[in-house]
Ligand code: SF4
Ligand code: SF4
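Numbering (this note's numbering), first residue to last: 7 to 64.
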């Protein structure tokens, strides 16, 4: 899953248009909703690297 690092996200919304699933909304900070399919496309568009892939460990 994708998470937003709240300490890094500056709410610029640059990531929003790059999500093919409309899974990112941005009100002050980015928020990932249930539409996210973990395509990882958004990660490279955040200028402050606030979007992270969270790997769940067993
Ligand atoms: S991983 Fe893909 S589907 Fe999920 S928020 Fe990022 S761009 Fe959208
Ligand atoms: S591009 Fe990065 S800093 Fe900008 S709203 Fe998205 S997650 Fe936050």
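Ideal placement from N, C-alpha and C gives every residue a C-beta, glycine not left out.
- By alpha-carbon distance to residue 15, the top candidate from 63, 62, 56 and 61 is 56.
- Among the bridge pairs identified by DSSP, residue 51 is matched with none.
- The C-alpha of residue 30 is placed about 11 Å away from the C-alpha of residue 43.
- Within 6 Å of the C-beta of residue 7 there is not a single heavy atom belonging to ligand 2.
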